[in-house]
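So the sequence lines, in the order shown, correspond to chains A and B.
Its first residue numbered 52, the first sequence is counted upward by one per residue in this note's numbering.
Its first residue numbered 52, the second sequence is counted upward by one per residue in this note's numbering.
Think of the CB as a built atom: it goes at the ideal place given N, C-alpha and C, for glycine as much as any other residue.
Model, not experiment: these values are computed from the prediction.
So the structure is just underneath, and the comments pick up after that.
Number of protein chains: 2
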Amino acid sequence: MTNQYDNPVFFEKYSQMLRSVEGLDGAGEWPALREILPDFQDKRILDLGCGFGWHCLYAAEHGAKKVVGVDSSEKMLLRAKKQTASDVITYIHSAVEEVSFPTESFDVVVSSLVLHYIRSFADICRKVNAWLVAGGDFVFSVEHPVFTAQGPQDWFYSPKGKKLHWPVDNYFREGKRESCFLGERVEKYHKTLTTYLNTLINMGFEIRQVIEPQPTERFLKDVPDMADELRRPMMLLVAARKKNKSD
Amino acid sequence: MTNQYDNPVFFEKYSQMLRSVEGLDGAGEWPALREILPDFQDKRILDLGCGFGWHCLYAAEHGAKKVVGVDSSEKMLLRAKKQTASDVITYIHSAVEEVSFPTESFDVVVSSLVLHYIRSFADICRKVNAWLVAGGDFVFSVEHPVFTAQGPQDWFYSPKGKKLHWPVDNYFREGKRESCFLGERVEKYHKTLTTYLNTLINMGFEIRQVIEPQPTERFLKDVPDMADELRRPMMLLVAARKKNKSD
């Protein structure tokens with residue numbers, strides 16, 4: 052399947068989303084994610100699936116000495132290079148699954164809403180653990196397993212079009228799901244909560260925070276239907292730290 | 052609300068459940084729970100909400116030097132004292148919320164399918180942390196937030212009675228839910244995954260395992276409709292360890 056972010060129609064629509072126009076302040080989960088980010092001062096940062104580079108820029112503006120952003124979409128990176136350029140940021144065009152770095156070459160790895168596009172969480176997790184120094188941080192957001200389990204990623208409606216509840220099904224059948232995002236077909240990979248958290252633990256990370264973010268007051272006030280986001284979790288934010296071998 | 056486990060009709064029905072007749076081997080989640088239990092040899096064990104005492108007996112049979120089981124149901128404890136008695140086990144009749152012990156008086160605290168009946172997870176968590184020695188283990192199972200969120204704890208059915216999916220709603224509204232279990236009304240307290248895991252972390256525990264158990268082959272083969280248990284998570288198993296202050 053082609054990368055939808057390189058599909059001009061999808062790209063145009065994505066570019067009009069609040070999170071694309073406003074950057075981090077336009078992302079509902081940003082206040083919760085920011086809270087669990089480590090200090091970036093003098094650190095080497097890797098952003099897996101950096102998109103427009105908002106998180107790279109944030110790291111650069113908060114003292115990072117080196118930032119590497121990886122994304123598989125050329126169109127996203129072209130925009131990133133214009134919009135979020137910085138002397139300390141390097142953008143690399145590569146699938147997240149295919150990129151490679153020397154061991155212990157980063158202090159922090161971040162990934163925002165990308166890992167649910169990737170089939171094997173264990174593979175990424177193993178690599179991130181190798182790329183991080185001991186004590187290094189891995190902080191990411193993904194679509195919540197409750198959100199990805201059934202497949203279509205939509206509410207169950209009454210005949211009159213009222214949102215009755217959020218349907219969960221196929222929870223323990225991990226793997227490919229097809230849904231519709233911005234009018235286009237996208238493929239994602241459902242994983243259970245057990246897979247996300249226990250894989251981290253078993254690969255040598257300590258779980259430091261697990262957050263299901265809720266909409267902030269601003270979003271509840273300004274965005275229509277945002278109160279529905281209180282009815283089911285949409286995202287999962289995790290902060291983990293690479294343990295010392297002796298821990 | 053009275054304790055349904057002291058209601059004779061409910062008690063009789065509960066006593067006929069596979070997990071009551073067969074003990075641990077009759078509980079679908081037992082193989083997964085057993086995997087994440089620590090070694091009991093020469094340890095002091097506390098079981099919060101011990102019911103018929105099956106986990107107390109298991110600890111006693113696996114070398115525990117002292118086991119304390121706490122339950123709010125007299126009828127459950129009467130049966131426990133007959134059925135799972137041991138020189139090292141003491142049964143205490145008390146609500147889990149009201150029991151008290153000296154600091155650092157246990158090496159392991161377990162709790163099986165009880166903490167979803169309790170309003171404040173933070174209160175219990177704080178107490179368990181105090182009762183445990185540094186390095187001590189807290190291992191528990193609860194009904195999964197996906198299972199408790201909406202309230203009625205039932206599938207959403209088609210007009211012809213087919214299970215269409217599991218409904219999730221009111222996820223971020225924690226607190227009391229009423230559902231029907233064995234034909235009787237029971238009250239539970241829904242909590243989010245964030246509440247369970249982050250409360251543990253913030254109170255000084257390290258998360259060591261997070262498991263959403265799936266039915267074993269035996270249950271899939273022997274119990275009608277057990278395959279539906281693969282469609283949504285029903286339980287959450289957590290193993291946590293009290294950190295040293297210096298960790």
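Proximity test, Cβ basis, 7 Å: residue i and chain B
i, result
"Y65 of chain A", "no"
"W217 of chain A", "yes"
"V60 of chain A", "no"
Closer than 7 Å to chain A by CB, residue i
i, result
"M52 of chain B", "Confidence is the limiting factor: at M52 of chain B the pLDDT is only 48, short of 50, which leaves the residue's position unreliable, though a coordinate-based value still follows. Chain A, which has no Cβ nearer than 7 Å to the Cβ of M52 of chain B, makes this no."
"F223 of chain B", "yes"
"N249 of chain B", "yes"
"D220 of chain B", "yes"
"E166 of chain B", "Looking at the sequence itself, residue 166 of chain B is Leu, so the reference to Glu does not match. Chain A, which has no Cβ nearer than 7 Å to the Cβ of L166 of chain B, makes this no."
"R292 of chain B", "no"
"L88 of chain B", "no"
"V197 of chain B", "yes"
"D279 of chain B", "no"
Neighbouring residues, chain B, relative to residue i (Cβ below 8 Å)
i, result
"T243 of chain A", "E263 and P284"
"W182 of chain A", "None at all; the shortest Cβ gap to chain B is about 23 Å."
"F91 of chain A", "In chain order: nothing, as chain B lies at least about 22 Å away."
"I175 of chain A", "Under the 8 Å cutoff, chain B gives no residues; its nearest Cβ is about 18 Å from I175 of chain A."
Within chain B, partners of residue i - CB distance below 9 Å
i, result
"D57 of chain A", "Residues of chain B passing the Cβ test: none, with the nearest at roughly 33 Å."
Where the alpha helix (DSSP H) containing residue i begins and where it ends
i, result
"F103 of chain A", "F103 of chain A -> no alpha helix (DSSP H), and no H or E assigned at all."
"K116 of chain B", "Element bounds for K116 of chain B: n/a, residue is neither H nor E."
"F62 of chain B", "P59 to S66"
"E86 of chain A", "W81 to I87"
"Y247 of chain A", "L244 to N253"
"K272 of chain A", "E268 to D273"
"L166 of chain A", "Element bounds for L166 of chain A: n/a, residue is neither H nor E."
"V72 of chain A", "L69 to V72"
Continuous beta strand (DSSP E) stretch holding residue i: start and end
i, result
"I143 of chain A", "I140 to H144"
"L287 of chain B", "M286 to K293"
"F157 of chain B", "F157 to S163"
"Y56 of chain B", "It is not in any beta strand (DSSP E) - Y56 of chain B carries neither H nor E in the DSSP assignment."
"Q260 of chain A", "F256 to I262"
"E125 of chain A", "Per DSSP, E125 of chain A belongs to no beta strand (DSSP E); it is in the alpha helix (DSSP H), E125 to Q134."
"R282 of chain A", "Where R282 of chain A is concerned, there is no enclosing beta strand (DSSP E), given that its DSSP letter is neither H nor E."
"V237 of chain A", "E235 to H241"
Within chain A, the residues that residue i reaches when beta carbons sit closer than 7 Å
i, result
"I140 of chain B", "Residues of chain A passing the Cβ test: none, with the nearest at roughly 32 Å."
"E257 of chain B", "E257"
"Q201 of chain B", "H216"
Beta carbon of residue i nearer than 7 Å to that of residue j
i, j, result
"V121 of chain B", "V147 of chain B", "yes"
"V190 of chain B", "A278 of chain B", "no"
"L233 of chain B", "F61 of chain B", "yes"
"K239 of chain B", "H195 of chain B", "no"
"S162 of chain A", "L84 of chain A", "no"
"R269 of chain B", "R292 of chain B", "no"
"K133 of chain A", "A115 of chain A", "no"
"G218 of chain A", "H106 of chain B", "Note that residue 218 of chain A corresponds to Pro in the displayed sequence, not to Gly. Contact flag unset, no."
"T250 of chain B", "C176 of chain B", "yes"
"A78 of chain B", "F91 of chain B", "no"
"T154 of chain A", "A181 of chain A", "yes"
"L108 of chain A", "T135 of chain A", "yes"
"L183 of chain A", "F157 of chain A", "yes"
"D220 of chain B", "R282 of chain A", "yes"
"V159 of chain B", "D138 of chain B", "no"
"P266 of chain B", "E280 of chain B", "yes"
"Y65 of chain B", "S124 of chain B", "no"
Proximal residues of chain A, C-beta to C-beta of residue i below 9 Å
i, result
"F207 of chain B", "F207, L215, H216 and P218"
Chain E contact for residue i (CB, 7 Å cutoff)
i, result
"G77 of chain A", "Although the question refers to chain E, the structure presented lacks it and instead comprises the protein chains A and B."
Per-residue contacts from residue i into chain B (C-beta, under 7 Å)
i, result
"Q260 of chain A", "N249 and I252"
* To do: Run through the stretch 180-231 of chain B for me and flag every whole beta strand (DSSP E) of 3 or more residues, listed as ranges in chain order.
  => 183-194 and 214-219
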